[in-house]
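Counting with the numbering used here, you get residues 8 to 302 for the letters of the sequence shown. Positions of the beta carbon are idealized from the N, C-alpha and C atoms, including for glycine.
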Amino acid sequence: MGKGGLQVIHAGYCKTGTKSVTAMLEQLGFKVCDSPEAIYRHWEDWEKFANGDKPNEVLQKLFGPNNPDGYEATVDIPHNALWEVLHKQFPDAKVILCLRDEDKWAKSVEKHLQVEREQFKEMMWWRLHSGLYRWIFNHSSRAVGLYMDWIRPILIGPESRNFWGENMDIHRLKYRMHNQYVINNCPKDKLLVWKLEDGWEPVAKFLGKPVPKGPLPHKNRLGGVIQDLENSPDYQAMFRKQTISIVLRLAIIAATGYGWFKGLIQPHLQVEDTMPVNWKLAAGFIAFLFTMRNL
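Okay, structure coming up:
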């Protein structure tokens with residue numbers, strides 16, 4: 008349990024070393040809520056937050072004292088985009104703004120977006136076939152939909168019109184604006200502006216922790232973001248749930264179809280029933296749609 012609640016907010020933009028920051032904070036002893044947890048474990052909470060459904064209560068549930076997951080720190084989206092909201096709710100928390108050379112950052116962003124397009128198939132399904140995707144993948148699509156429609160746009164911005172192009176001038180502008188806003192508006196005694204090259208000492212001292220021996224951890228250096236996501240326990244749990252749902256629905260459909268087939272083509276197997284066959288089919292189809300969406 009996180010007795011003291013949220014203590015550290017990483018406000019650094021995506022692709023400024025967020026996975027390395029997560030590993031660093033964990034090594035310093037903090038329980039971190041990163042983007043996979045936010046999207047695949049807590050999507051229902053963030054959906055309520057996005058809809059304005061008692062947002063302060065949502066934040067207290069997620070990050071307040073004795074929160075169920077023991078979170079003490081947040082990293083990456085949506086937390087970095089909402090750093091000010093989080094800090095207003097938890098004013099004693101310290102804020103770390105990790106900066107990165109803009110050209111290196113832009114190159115990393117371009118690579119990340121390319122990997123997303125090529126490997127993150129759910130994103131493609133959501134973009135091109137969202138209705139069908141929501142119907143078949145009725146659990147996982149809600150988490151992906153929240154990411155695509157709300158979490159991603161609040162920091163990165165809306166999708167390009169053709170789904171494939173990127174205007175890096177716009178991304179660069181948003182990067183500069185985000186960083187400058189944090190610097191201008193975060194209380195100075197609660198803010199550390201830092202780069203990975205600065206090493207352990209500034210962060211450890213800022214957080215009141217002993218300086219660890221050895222180099223900072225480096226994660227996601229080759230851009231293996233999709234592999235990291237697929238290895239996330241929350242991502243795996245979501246898709247186990249989705250797989251079970253699909254198997255159960257297919258079993259129900261098969262059993263229902265078999266029953267109808269036997270009844271319709273072999274009248275001697277039918278029991279007496281005053282309901283016309285067409286109404287049976289209509290009722291069954293409605294039940295089928297309901298089952299597909301809710302099982």
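Check: residue i C-beta below 6 Å from any heavy atom of the ligand PLP
{"i": "residue 55", "result": "Ligands are entirely absent from the displayed structure, and the ligand PLP is therefore not among its contents."}
Simplified DSSP assignment, three categories, for residue i
{"i": "residue 211", "result": "helix"}
{"i": "residue 220", "result": "coil"}
{"i": "residue 251", "result": "helix"}
{"i": "residue 23", "result": "coil"}
{"i": "residue 122", "result": "helix"}
{"i": "residue 49", "result": "coil"}
{"i": "residue 163", "result": "coil"}
{"i": "residue 106", "result": "coil"}
Classification of residue i by the beta-carbon crowding that lies within 10 angstroms, buried from 16 upward
{"i": "residue 5", "result": "Since the first residue of the chain shown is 8 and the last is 302, residue 5 is not available in this structure."}
{"i": "residue 48", "result": "buried"}
{"i": "residue 206", "result": "exposed"}
{"i": "residue 262", "result": "exposed"}
{"i": "residue 96", "result": "buried"}
{"i": "residue 187", "result": "exposed"}
{"i": "residue 28", "result": "buried"}
{"i": "residue 24", "result": "buried"}
Cβ-Cβ distance between residue i and residue j below 7 Å
{"i": "residue 69", "j": "residue 52", "result": "yes"}
{"i": "residue 106", "j": "residue 202", "result": "yes"}
{"i": "residue 88", "j": "residue 16", "result": "no"}
{"i": "residue 92", "j": "residue 178", "result": "no"}
{"i": "residue 12", "j": "residue 71", "result": "yes"}
{"i": "residue 162", "j": "residue 54", "result": "no"}
{"i": "residue 26", "j": "residue 226", "result": "yes"}
{"i": "residue 241", "j": "residue 33", "result": "no"}
{"i": "residue 126", "j": "residue 79", "result": "no"}
{"i": "residue 64", "j": "residue 120", "result": "no"}
{"i": "residue 31", "j": "residue 223", "result": "yes"}
Where the beta strand (DSSP E) through residue i begins and ends
{"i": "residue 82", "result": "Neither: residue 82 is in no beta strand (DSSP E) and is coded neither H nor E."}
{"i": "residue 158", "result": "Per DSSP, residue 158 belongs to no beta strand (DSSP E) and is neither H nor E."}
{"i": "residue 35", "result": "Note, residue 35: premise wrong, no beta strand (DSSP E); not H, not E."}
{"i": "residue 6", "result": "Lying before the first or after the last residue shown, residue 6 is absent from the chain, which here runs from 8 to 302."}
{"i": "residue 17", "result": "15-17"}
Where the alpha helix (DSSP H) through residue i begins and ends
{"i": "residue 303", "result": "Summary: the structure shown does not reach residue 303, with the chain confined to residues 8 through 302, and so no result is reported for it."}
{"i": "residue 94", "result": "90-96"}
{"i": "residue 69", "result": "62-70"}
Cutoff 7 Å: residue i Cβ touching any chain D Cβ
{"i": "residue 261", "result": "Any reference to chain D falls outside this structure, which holds one protein chain only."}
Cβ-based neighbour list, residue i, same chain, cut-off 6 Å, excluding 5 preceding and 5 following
{"i": "residue 193", "result": "102"}
Sequence-distant residues of the same chain with beta carbon closer than 8 Å to residue i, five excluded per side
{"i": "residue 35", "result": "210, 211, 214, 216 and 219"}
{"i": "residue 130", "result": "123, 124, 151 and 155"}
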